[in-house]
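Colleague:
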């Protein structure tokens with residue numbers, strides 16, 4: 001039995017340390033044997049976690065009779081588990097118990113419970129006018145005012161339309177979802193979320209519209225005026241004031257619903273333009289993994305380790321009739337529970353997932369790098385043929401249709417050599433996991449930016465509403481606001497820089513948006529250590545600033561208004577990048593040698609299709625003083641420079657192969673043909689003692705003769 005080898009990180013050739021072993025395993029086989037037990041334990045942990053989660057949800061459903069749907073797990077926006085604080089549990093009071101019971105009721109019943117007590121109190125003026133004092137003309141506001149009976153009716157309308165609008169707008173999520181389905185939208189769940197976000201604000205707008213439309217018709221037609229009065233609608237101060245207040249609140253509600261629709265449009269369009277392709281691609285890859293996992297589980301169900309019903313008799317003999325009866329009863333009861341759960345889901349209109357549902361198990365395994373590699377190894381073991389150590393297209397045709405099989409095979413075949421090794425499947429599964437985490441972080445920052453922009457817009461709306469309220473309520477106050485506005489405009493230079501920074505930040509984040517969280521970027525301009533730009537990783541995108549992380553680990557914060565005026569290179573969005581290597585070779589190097597070097601390097605990149613594009617470009621740049629020639633060897637990466645470690649490994653791999661081929665072809669540097677530049681040119685310098693400077697030695701001062709110095713050797 002051979003010793004498991006260490007991971008081949010740098011693609012070097014590692015000799016077997018146990019040459020006397022009777023059977024030598026391949027790298028994938030040794031890794032598979034070494035990790036088999038850990039993979040099985042990790043899979044059992046994930047399935048047990050999902051099973052317990054399903055059981056908890058089912059328990060909550062049995063205790064909670066609310067009609068609202070339980071939201072599905074969002075793979076791209078996982079909730080963050082905050083540490084629970086150790087607090088002393090308080091004894092619930094009677095009011096708390098009553099409130100907890102009311103919250104369990106369906107929405108319509110809860111709204112009726114909220115409406116009923118206040119509606120009963122508002123019946124007081126109606127009962128006083130119609131029952132207690134039926135013969136007395138009671139008017140609100142004195143002579144010419146509104147009948148007390150109709151004033152009570154209007155109060156009931158105000159209170160009733162509030163909850164009626166809430167009940168009406170509660171159908172918005174389902175109405176939006178139905179309309180999206182009707183027009184053929186593929187992402188109708190998004191429209192359901194939009195309807196849920198607009199539900200409260202739309203109900204407030206409808207409520208204020210109902211209040212505005214019902215006030216004047218009631219108070220103007222139901223006045224308590226004498227029959228012989230000439231003016232049937234005399235001026236009542238409180239009616240005028242209430243009308244102005246209602247108009248101001250209606251303006252506030254209108255601006256609020258318009259602002260919420262604008263925010264939803266910004267978030268939706270920004271999301272579609274920035275993340276839609278990445279999310280769809282990642283979901284497609286996850287769906288492929290789910291289908292492969294379902295197939296692998298169907299195969300492992302036949303294994304006696306995973307399915308106890310397929311086990312043969314143990315060492316103690318065959319099963320007793322009582323054990324067989326208990327096992328059959330347990331299986332029948334489990335199947336009955338599954339069927340009952342599905343029937344209940346169909347009756348309530350809820351989507352019920354079985355225990356160990358493949359989607360939940362796969363999403364659980366894609367949470368970390370080790371578990372994602374465990375998933376890849378499990379899929380590899382289930383799909384690979386017994387007589388092969390790699391996956392081929394025929395293995396995928398057993399799971400998918402022809403087109404889907406080719407698409408799935410292209411995702412996992414990293415080196416494009418027509419087969420998939422276990423290492424390639426592990427790398428692809430880990431990349432899917434990392435991409436899912438990056439999208440989740442980007443969407444989290446997007447939600448934060450949208451909320452901050454929403455807060456700014458709400459503040460502006462409040463200022464506008466206050467100005468409108470004061471202007472409508474009092475003419476003198478409106479004149480005072482006009483003069484104050486003139487003064488503020490004169491001092492606008494104080495807020496010019498802040499307003500400019502805010503507008504530039506909005507344009508930078510929502511219109512330009514040159515990067516996302518996790519992207520590697522290069523910011524050109526007077527930035528970085530040398531004030532000529534630097535490379536960063538994007539850590540956080542806020543409304544007014546962005547946090548970067550340098551390659552050395554330093555965290556840098558930059559205002560978005562400054563970044564708005566700089567050139568930014570996004571490495572993630574750049575694919576198929578060229579990587580030049582500059583060579584200085586000896587003068588006289590022939591073109592045939594350069595072309596032969598190019599051909600050999602082209603063969604190298606063709607053998608490594610996963611890392612490099614199949615093309616090489618050579619460029620003779622300069623000829624320096626009949627001494628050297630500068631040549632550029634340009635190769636192309638298959639992916640971007642987002643991962644610096646991957647880029648360095650590919651660059652070093654190509655450079656090492658380039659050096660080997662240059663040595664084989666005898667390409668020399670410019671100093672090779674100089675004296676002392678090589679072993680076959682035995683010309684060297686030797687340090688000797690300086691000449692003696694005693695008084696007996698004389699040297700000519702010039703002119704007639706010459707003399708050689710003492711103690712000079714060559």
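Numbering (the UniProt record's numbering), first residue to last: 1 to 714.
We put the beta carbon where it would ideally sit given N, CA and C, even for glycine.
From a predicted model like this one, the values you see are computed outputs, not experimental measurements.
#1: Output the distance between the C-alpha atoms of residue 279 and residue 161, rounded to the nearest integer angstrom.
#2: Helix, strand or coil: how does DSSP classify residue 111 here?
#3: Suppose contacts are defined by Cβ-Cβ distances below 7 Å. Is residue 122 in contact with residue 159 by that definition?
#4: Quick one, which of 464, 658, 624 has its alpha-carbon nearest residue 605's?
#5: Under the DSSP definition of a beta bridge, which residues are partnered with residue 223?
#6: What span of residues does the beta strand (DSSP E) with residue 569 cover, start to end?
#7: Does the Cβ of residue 790 have 16 or more other Cβ atoms within 10 Å, making it buried, or fewer, making it exposed?
#8: In whole angstroms, what separates the C-alpha of residue 177 from that of residue 215?
#9: Identify every run of the beta strand (DSSP E) within the region 591–671, keeping only runs that are complete inside it and at least 3 residues long; order them along the chain.
#10: Are the Cβ atoms of residue 252 and residue 465 separated by less than 7 Å?
#11: Candidates 544, 519, 119: which alpha carbon is nearest residue 441's?
#12: Taking C-alpha atoms, which residue in 110, 557, 288, 257 lies nearest to residue 397?
#13: Mind checking residue 127: buried by the 16 CB within 10 Å criterion, or exposed?
#14: CB-CB under 6 Å to residue 210, same chain, minus the five flanking residues each way: which ones, in chain order?
#15: Is it the case that the region 568–580 contacts the region 640–647, given that we only count it when at least three CB pairs across the two stretches are under 8 Å?
#16: Starting from residue 545 and walking both ways along the beta strand (DSSP E), at which residues does that stretch end?
#17: Can you look up residue 479 in the DSSP assignment and give me helix, strand or coil?
#18: Can you have a look at residue 660 and say buried or exposed, based on whether 16 or more other CB atoms are within 10 angstroms of its CB?
#19: Since residue 653 and residue 416 are thought to touch, with beta carbons under 8 Å apart, how far apart are those beta carbons, to the nearest angstrom?
#20: If you reduce the DSSP assignment to three classes, tell me which class residue 517 lands in.
#21: Please list, in chain order, all residues of the same chain as residue 379 whose beta carbon is under 7 Å from its beta carbon, the five residues on each side excluded.
#22: Assuming contact is defined by CB atoms lying nearer than 7 Å, are residue 474 and residue 561 in contact in what I supplied?
#23: Just to confirm before moving on: does the CB-CB distance between residue 468 and residue 248 stay below 7 Å?
#24: So, for residue 668: in the same chain, excluding its five sequence neighbours on each side, which residues have a beta-carbon less than 6 Å away from its beta-carbon?
#25: Roughly how many angstroms lie between the CA atoms of residue 119 and residue 108, to the nearest whole one?
#26: May I have the straight-line CA-CA distance separating residue 275 from residue 434, to the nearest angstrom?
#27: Out of 92, 93, 91, 114, state which residue places its alpha-carbon closest to the alpha-carbon of residue 102.
#28: Assess, as a yes-or-no matter, whether the region 376–396 is touched by the region 405–414 under the definition of 3 or more beta carbon pairs within less than 8 Å.
#29: Taking contact to mean 3 or more Cβ pairs, one atom from each stretch, closer than 8 Å, check whether the region 479–498 and the region 544–553 are in contact.
#30: Taking its Cβ as the centre, do 16 or more other Cβ atoms sit within 10 Å of residue 429, making it buried, or is it exposed?
#31: Where residue 647 and residue 194 are concerned, what is the direct C-alpha to C-alpha distance, given to the nearest angstrom?
#32: Taking 6 Å as the limit between beta carbons, can you name the residues of its chain near residue 478, skipping five residues before and five after?
#33: Just list the residues that DSSP pairs residue 183 with in beta bridges.
#34: Would you kindly work out how many angstroms separate the C-alpha atoms of residue 362 and residue 205, rounded to a whole number?
Modeller: So, to answer that:
#1: 41 Å
#2: helix
#3: yes
#4: 658
#5: 146
#6: 568–570
#7: Examination of residue 790 is not possible in this model, given that the chain is present from 1 through 714 alone.
#8: 35 Å
#9: 612–624, 628–637
#10: yes
#11: 519
#12: 288
#13: exposed
#14: 161
#15: yes
#16: 545–550
#17: helix
#18: exposed
#19: About 17 Å separates the two Cβ atoms, so there is no contact after all.
#20: coil
#21: 292, 293, 296, 425
#22: no
#23: yes
#24: 586
#25: 16 Å
#26: 15 Å
#27: 114
#28: yes
#29: no
#30: buried
#31: 41 Å
#32: 471
#33: Beta-bridge pairing links residue 183 to no other residue.
#34: 44 Å
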